[in-house]
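Presented below is the structure to which this report refers.
Below is the structure:
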């Protein structure tokens, strides 16, 4: 395995920054939010090395990383999850909030509600094809809140 | 997207705290452990901004975030995972530890063995409906160990 | 729940270290990379308490934690994911990069592209049976890049 340092080890004070981001209501499906996150957090640019932690405060939606280019990837993700976690599953008992509710809870645990993204040289270190995706699993999920926590050392 | 800071950026020393938590044996299923985690870690209250990382040291159980209120959500999660990752899957070869073992390994990778939860103002920033859940996938899993790592800046 | 501190809380400067690791091309399947990661990051040994964050910069492979001993677990993981996310799924529209491409994207979101592993006393705190696994979902995935970010306090 080849390895090369982006930076040698640094012993230093850390920067901590915490922010609540509110995403507008989106239709059910997989939505790219990379540009929105970066625009809301100019503090990313102040970090030499660090981590951005994003936490969605909900149990019927999720955060995931996937392709940022061809929208057909997001369409097929939505289709696969709908076929795999079916709304009419006969053994579901948690049904009083609508047929899309229990599937939304299961999808949320499958995808998770958080991502932690490395920062180096003032930028998120996403791969060329990686985007941050909000997976909205409810038909009418409404606004969604994300807590963004930044931690790192100064440039 | 609306954004407002919980705190402006802070440049400071960090607090590090590491602890091993042992959960008593639980029956197979999804179990809320939020209150146990908070009670075991009074140091959360000392942090202005920070992160709590929980790591389950096992490969046949998992940690996930889901609804903390109606227990039918946890019942349906257990049912869905049992239907989707079946014990009698004919092509499984790793069967000598019991029919619940290989499904437990698969569920563990699907849910993951870790969560990182944001802290602000001395409290975990879980959403209103979010709880920390131990997903026990073995019929007789026994005690489970979690490593809790706290990192943040002082209040 | 029993709890005992590995270390009492420490208020201190933090170490930050960032590195890009390149994994050689692997065949499709689940591959243990624990020893490669540890060998590439001797800085782990300098930390009293900390976290190692690993980020795979790709959307058609993943990182997961699972059993490090019996290789039949990894064989069955690969078989289950192939049966559950089928290459010939008729409703897939993202098919021009090959029949293994869209399933690879879905598996990547199911497993995730990151892990954060606790460090104490200079060592990764993996459980006895836990290993770090690269899940290669493409038939010809080629080299894969991981960004390793270390953060912690000095021993």
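Chains as they are written, first to last, in the numbering used here: chain A, 703 to 857; chain B, 703 to 857; chain C, 703 to 857.
For each residue, glycine too, the CB sits at the ideal point set by N, CA and C.
Under 7 Å, Cβ to Cβ, is there at least one residue of chain B near residue 737/C? Not one chain B Cβ lies under 7 Å of residue 737/C.
Can you tell me whether residue 727/C is buried or exposed? The criterion is at least 16 other CB atoms within 10 Å of its CB, across all chains shown. With fewer than 16 Cβ atoms within 10 Å of its Cβ, residue 727/C is classed as exposed.
Does any residue of chain A have a CB that is nearer than 7 Å to the CB of residue 839/C? Closer than 7 Å: no.
So which residues of chain C does residue 843/B contact, with C-beta pairs closer than 9 Å? Correct list: empty, because the minimum Cβ distance to chain C is about 13 Å.
In chain order, what residues of the segment 754–780 of chain A put their CB closer than 7 Å to some CB of chain B? If the cut-off is 7 Å between Cβ atoms, the segment 754–780 of chain A has 755, 757, 759, 760, 761 near chain B.
Assigned exposure category for residue 798/C - 16 Cβ within 10 Å defines buried: Classification of residue 798/C: exposed, given that the 10 Å Cβ count is below 16.
CA-CA distance, residue 851/B and residue 851/C? Using only the alpha carbons, I get a separation of about 16 Å.
Can you tell me whether residue 776/A is helix, strand or coil according to DSSP? Residue state, collapsed to three classes: helix.
When you compare the CB of residue 796/A with every CB in chain B, is at least one pair closer than 7 Å? By this cut-off, residue 796/A is an interface position.
The segment 746–765 of chain C contacting the segment 840–851 of chain C, beta-carbon criterion three pairs below 8 Å: Touching, yes.
How is the alpha helix (DSSP H) around residue 736/A delimited, first residue to last? Counting along the chain, the alpha helix (DSSP H) containing residue 736/A begins and ends at 736–742.
Answer yes or no: the CB of residue 855/C versus the heavy atoms of the ligand NAP, is any distance below 6 Å? For the structure depicted, the ligand NAP is absent and the ligand set is empty, with no information on it obtainable.
Check whether the segment 769–789 of chain B touches the segment 752–760 of chain B, counting contact only when three or more Cβ pairs, one atom from each stretch, lie closer than 8 Å. In short, these stretches do not touch, since the Cβ pair count stays below three.
Roughly how many angstroms separate the alpha carbons of residue 846/C and residue 741/A, rounded to a whole number? Cα-Cα distance, rounded: 29 Å.
Bridge-paired residues (DSSP) for residue 769/C: Per DSSP, 832/C.
Within 10 Å of its beta-carbon, does residue 833/C have 16 or more other beta-carbons around it, so buried, or fewer, so exposed? So residue 833/C ends up on the buried side.
Exposed or buried, which one is residue 778/A when buried takes at least 16 other CB atoms within 10 Å? Buried: at least 16 other Cβ atoms inside 10 Å.
On the criterion of 16 or more Cβ atoms from any shown chain inside 10 Å, does residue 776/C qualify as buried, or is it exposed? Classification of residue 776/C: buried, given that the 10 Å Cβ count is 16 or more.
With DSSP as the reference, please indicate the residues paired to residue 837/C in a beta bridge. Paired residues: 732/C, 764/C.
Looking at the secondary structure, which residues open and close the alpha helix (DSSP H) in which residue 674/A lies? Because chain A in this structure spans residues 703 to 857, residue 674/A falls outside the shown range and cannot be described.
For residue 823/A, count neighbouring C-beta atoms within 10 Å of its own C-beta (all shown protein chains included) and say buried if the count is 16 or more, exposed if not. By the beta-carbon neighbour count (other beta carbons within 10 angstroms, threshold 16), residue 823/A is exposed.
Is residue 849/A close to chain B, meaning its C-beta is less than 7 Å from at least one C-beta of that chain? Judged by the 7 Å Cβ criterion, residue 849/A is in contact with chain B.
Which of helix, strand or coil does DSSP assign to residue 820/C? Residue state for residue 820/C is assigned as strand, using DSSP reduced to three classes.
Straight-line CA distance for residue 736/B to residue 800/C? Residue 736/B and residue 800/C: Cα-Cα distance of roughly 44 Å.
Residue 801/A: contacting residues in chain B (beta-carbon distance under 9 Å): The premise fails here: residue 801/A is roughly 13 Å from chain B at the closest Cβ pair, so nothing lies under 9 Å.
Please list, in chain order, the residues of the segment 715–727 of chain C that have any C-beta partner in chain B closer than 9 Å. Here the close residues are 715, 716.
Just verifying my parser: in three-state terms, what is the DSSP assignment at residue 810/B? In the structure shown, the three-state DSSP call for residue 810/B is helix.
Please name the residue, chosen from 830/A, 855/A, 849/A, 848/A, that lies closest to residue 771/A on a Cα-to-Cα basis. Of all alpha-carbon atoms in 830/A, 855/A, 849/A, 848/A, the one lying nearest the alpha-carbon of residue 771/A is that of 830/A.
Continuous beta strand (DSSP E) stretch holding residue 827/C: start and end: Counting along the chain, residue 827/C falls outside any beta strand (DSSP E), and DSSP gives it neither H nor E.
Tell me, please, whether the CB atom of residue 741/B is closer than 7 Å to any CB atom in chain A? Interface residue (Cβ-Cβ distance to chain A less than 7 Å): residue 741/B is not classified as such.
Quick one: Cα of residue 791/A to Cα of residue 825/C, how far? Distance between the alpha carbons of residue 791/A and residue 825/C: 45 Å.
Using 7 Å as the limit for Cβ to Cβ distance, is residue 855/C near chain B? Closer than 7 Å: yes.
So is residue 827/C in contact with chain B if we call contact Cβ pairs under 7 Å? Taking Cβ atoms only, chain B reaches closer than 7 Å to residue 827/C, which makes this a yes.
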